[in-house]
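Under my numbering, the sequence shown has 277 at position 277, and the numbering climbs by one with no breaks. Report on the structure given below.
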Amino acid sequence: MHKTIFILSILLSSICLQAQDRFAKVEITAEKINDHLYMLQGSGGNIVIQMGDDGVLMIDDQFAPLSAKIQAKIKELTGAEVDYLINTHWHGDHTGGNENFGKAGATIIAHHNVRKRMARGRTKIEAGREIPPAPAVALPVITFGSDMKFHFNGEDLHLFHFHNGHTDGDGIIYFANDNVVHMGDTFFNMRYPFIDLKSGGNVNGLLKTLGEVLFMIDDDTVVVPGHGSLGNKADLMKYRDVILELRDKVVAMKKGGKSLDDVLASGFSKQYDEAWGGGFINPEKFASFLFESPALDTVSED
Ligand SMILES: [Zn+2]
Numbered sequence: 001m002h003k004t005i006f007i008l009s010i011l012l013s014s015i016c017l018q019a020q021d022r023f024a025k026v027e028i029t030a031e032k033i034n035d036h037l038y039m040l041q042g043s044g045g046n047i048v049i050q051m052g053d054d055g056v057l058m059i060d061d062q063f064a065p066l067s068a069k070i071q072a073k074i075k076e077l078t079g080a081e082v083d084y085l086i087n088t089h090w091h092g093d094h095t096g097g098n099e100n101f102g103k104a105g106a107t108i109i110a111h112h113n114v115r116k117r118m119a120r121g122r123t124k125i126e127a128g129r130e131i132p133p134a135p136a137v138a139l140p141v142i143t144f145g146s147d148m149k150f151h152f153n154g155e156d157l158h159l160f161h162f163h164n165g166h167t168d169g170d171g172i173i174y175f176a177n178d179n180v181v182h183m184g185d186t187f188f189n190m191r192y193p194f195i196d197l198k199s200g201g202n203v204n205g206l207l208k209t210l211g212e213v214l215f216m217i218d219d220d221t222v223v224v225p226g227h228g229s230l231g232n233k234a235d236l237m238k239y240r241d242v243i244l245e246l247r248d249k250v251v252a253m254k255k256g257g258k259s260l261d262d263v264l265a266s267g268f269s270k271q272y273d274e275a276w277g278g279g280f281i282n283p284e285k286f287a288s289f290l291f292e293s294p295a296l297d298t299v300s301e302d
């Protein structure tokens, strides 16, 4: 018995050390978008920092073990702490630092469902692993529904939730004057999308969201993806077109009575797999998102 506990505790501590190690090696890099906007990368979702006379605004915050490094990088760039933090959605690689930044005094803003899902957490049965409810200090204190405007540092930020795409709490953050948009995980640059069906995601809603953004932006817009390098309108359009083509193919097969296995056996995405399927979402996962996304008119959005 004691021996088992001993071995278990060694195992657990080595797992913890590995997790710490993973973050110990991560460096936070800053890529300049313009004089007052930077994209930060480390491990997790892409961060955008806006600075100016009113203070510092941040979009997404990666994982908790990286908060100190991210704060140091922000201090280096701006000489100040974060005043406002916007989350593009509730996933841990975008909100993991909320508790730390919340404690440091940042006011957190996100879609209603980000707060709802973070406050509730998820059971092992729902999520495959348990996601505990977030502490109050980590929760967004200002939440929005379909849209909100936020006036800061001379910028008119538009926060939009168009449809349930990657999750049911996706926020698109558009810097109207600077012509920069942060897409959160509704855009993976040159990778198949992740549709989190268990968080209310839906490929049909994702396509509608991408259509709305494409209508809003122009050829000069800097498009920040949730993961991957900075893109532009042409990149976003290519991404939308690939998803649209493959969605239509899979839906047609499903309507013709084919199973998910039949879809996979057909090599439905073969021509794109080399360029788009090498990341975290392989063709099999992508096919299941396309196959299992409910029709939009059956989905209630709140
Ligand atoms: Zn995500």
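Even for Gly, the Cβ is constructed at its ideal location relative to N, Cα and C.
With a 10 Å radius around the Cβ and a threshold of 16 neighbouring Cβ atoms, Asn-98 comes out buried.
The continuous beta strand (DSSP E) containing Thr-143 extends over residues 142-144.
Those residues that bring their Cβ nearer than 5 Å to a heavy atom of ligand 1 are His-91 and Asp-185.
Listed in chain order, the non-local C-beta contacts of Asp-147 below 8 Å within the same chain comprise His-158, Leu-159, Phe-160 and His-161, local neighbours out to five positions each way being set aside.
Counting only the Cα atoms, Tyr-38 lies some 14 Å from Gly-79. Cβ contact annotation for Phe-286 (same chain, cutoff 6 Å, sequence separation greater than five): Tyr-192, in chain order.
Cβ-Cβ separation between Arg-247 and Leu-290: approximately 5 Å, consistent with a contact (criterion under 8 Å). Counting only runs that start and end inside the stretch 100-167, the beta strand (DSSP E) elements of at least 3 residues fall at 107-111, 142-144, 147-152 and 155-160. Counting only residues of its own chain and dropping the five nearest sequence neighbours on each side, Arg-120 has a CB closer than 8 Å to the CB of Pro-133.
Excluding its 5 nearest sequence neighbours in each direction, Leu-236 has C-beta neighbours in its own chain below 8 Å: Met-183, Phe-187, Leu-210, Val-213, Leu-214, Ile-217 and Val-223, listed in chain order. Ranked by Cα distance from Ser-266, the first of Lys-255, Gly-279 and Val-250 is Val-250. A buried status is given to Gln-62, since no fewer than 16 other beta-carbon atoms sit within 10 Å of its beta-carbon.
The C-alpha of Met-118 is placed about 21 Å away from the C-alpha of Leu-57.
Per DSSP, reduced to three states, the secondary structure at Thr-29 is strand. Here the C-alpha atom of Lys-255 lies approximately 43 Å from the C-alpha atom of Gly-42. The continuous stretches of beta strand (DSSP E) do not include Gln-71, which lies in the alpha helix (DSSP H) extending over residues 67-78.
The shortest CA-to-CA distance from Gly-200 to any of Pro-225, Ile-74, Ala-275 and Trp-90 is the one to Trp-90. Following the DSSP letters along the chain, one finds Gln-50 inside the beta strand (DSSP E) bounded by residues 47-52. Under DSSP, Gln-62 takes part in no beta bridge, so it has no partner.
If you compare the alpha carbons of Leu-230, Glu-274 and Leu-207 with that of Ala-295, the shortest gap goes to Leu-207. Beta bridge pairing from DSSP links His-227 with Phe-188. The beta carbons of Asp-262 and Met-253 sit about 7 Å from each other, so the pair counts as a contact at 8 Å. Secondary structure at Val-263: helix, using DSSP grouped into helix, strand and coil. Within the same chain, Cβ atoms closer than 8 Å to the Cβ of Asp-53 are found at Asn-153 and Gly-154, the five residues on either side in sequence being excluded. When rounded, the separation of the alpha-carbon atoms in Phe-194 and Gly-105 is 32 Å. By DSSP's assignment, His-94 forms no beta bridge with any residue. The continuous alpha helix (DSSP H) containing Val-242 extends over residues 233-255.
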